[in-house]
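*Asks:* Below is one structure. I have some questions about it.
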Amino acid sequence: MSDHALPPFTEAFSQTRDGSGTGLVLAQLDQSARRAGPILWVQDRLAAREGGLPYGPGIRALIGDHRPILRVAARDGAEALWAMEEGLECKALSAVIGEVWGNPKALDFTATKRLGLRARRHRVPLWLLRQDGAVDLSIAPDRWRVTPLASGINTLDPRAPGRARWGAELFRSRRHAPGEWVAEHDRAAHCVDLAAPLRDGAVGTGRSQSPHTTPRAVGGGGPIRRL
Numbered sequence: 001m002s003d004h005a006l007p008p009f010t011e012a013f014s015q016t017r018d019g020s021g022t023g024l025v026l027a028q029l030d031q032s033a034r035r036a037g038p039i040l041w042v043q044d045r046l047a048a049r050e051g052g053l054p055y056g057p058g059i060r061a062l063i064g065d066h067r068p069i070l071r072v073a074a075r076d077g078a079e080a081l082w083a084m085e086e087g088l089e090c091k092a093l094s095a096v097i098g099e100v101w102g103n104p105k106a107l108d109f110t111a112t113k114r115l116g117l118r119a120r121r122h123r124v125p126l127w128l129l130r131q132d133g134a135v136d137l138s139i140a141p142d143r144w145r146v147t148p149l150a151s152g153i154n155t156l157d158p159r160a161p162g163r164a165r166w167g168a169e170l171f172r173s174r175r176h177a178p179g180e181w182v183a184e185h186d187r188a189a190h191c192v193d194l195a196a197p198l199r200d201g202a203v204g205t206g207r208s209q210s211p212h213t214t215p216r217a218v219g220g221g222g223p224i225r226r227l
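Encoded structure:
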């Protein structure tokens, strides 16, 4: 999909210790590489303490040098939400990323509604990273749970890591049927491939008889679906 087809507001739930949610968000940012402008990255104090600061060289290697990162260090969730809302008013930004740890009191349904309305009105996409957070009420059109997976096979060197992969569960969406996929970042195509996870069929079942032995897109018509 092109970048304008992405939802204005996406939530990703993951664990701080593996950073998988951040990886999937950056891969989606790479696919919208044609959108120019800086990226505003807002972290509350606990998110920065538990998960660390954004690593500039790694981010630039993924999304390029033409979109610098403007980092905002917020004292708490309320201050982080305020910074995100202000950033979404600026059409010069290519995106806003908000990192919030846990479930701060300020991040309620009303707060997500304000974020969603501003992102849609000003056409600045927002990714809200919920590190170690529990799922609660939100207006976000797409909500993901993300877990780390082993990288793909490197065809040039079997001992080296291949393309980054994640377990991605879309548990709520207004655009697509919910489902679970293996998400893989294709840097050459600037996109994220989604394939249904492989599952073993029943003992004695042939390949053509088991509906889960080949990758297919959950809720889709083809074997691989691309974000």
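So for the sequence shown, my numbering puts the first residue at 1; every next one is plus one. Quick reminder that beta carbons are idealized off the backbone N, C-alpha and C, glycines included.
1. Would you check if the distance between the CB atom of G116 and the CB atom of F9 is smaller than 8 angstroms?
2. With burial defined as no fewer than 16 other Cβ atoms inside 10 Å of the residue's Cβ, what is the status of H66: buried or exposed?
3. In three-state terms, what does DSSP make of S20?
4. Are there three or more Cβ pairs, one per stretch, closer than 8 angstroms when the segment 100-109 is compared with the segment 142-159?
5. If I measure Cβ to Cβ from A47 and keep anything under 7 angstroms in the same chain, skipping five residues before and after, which residues do I get?
6. Roughly how many whole angstroms lie between the Cα atoms of R45 and R75?
7. Which whole-angstrom value is the C-beta distance of I97 and W41, which I expect to be below 8 angstroms?
8. Beta carbon of A164, beta carbon of G23: below 8 angstroms?
9. With DSSP collapsed to three states, give me the class of L93.
10. Where does the unbroken beta strand (DSSP E) through L40 begin, and where does it stop?
11. Taking the alpha carbon of R266 as the reference point, which residue from A78, Y55 and L62 has its own alpha carbon closest?
12. Smallest Cα separation from V124: which of D18, I139 and G37?
13. Under 7 angstroms Cβ to Cβ from G262, same chain only, skipping five residues before and after it: list those, please.
14. Quick check: what's the CA-CA separation for T112 versus W127?
15. Determine the burial state of V25: buried for a count of at least 16 other Cβ atoms within 10 Å of its Cβ, exposed for fewer.
*Replies:* In short, the structure shows the following:
1. yes
2. Per the 10 Å Cβ criterion, exposed.
3. helix
4. no
5. E99, V100, W101 and Q131
6. 5 angstroms
7. 5 angstroms
8. With contacts defined as CB atoms closer than 8 angstroms, A164 and G23 qualify as a contacting pair.
9. coil
10. I39 to D44
11. Residue 266 lies beyond the range of the chain shown here (1 to 227); nothing can be said about it.
12. When each option's Cα is compared against that of V124, the closest is G37.
13. Here the chain covers residues 1 to 227 and nothing more, so residue 262 does not appear.
14. 11 angstroms
15. buried
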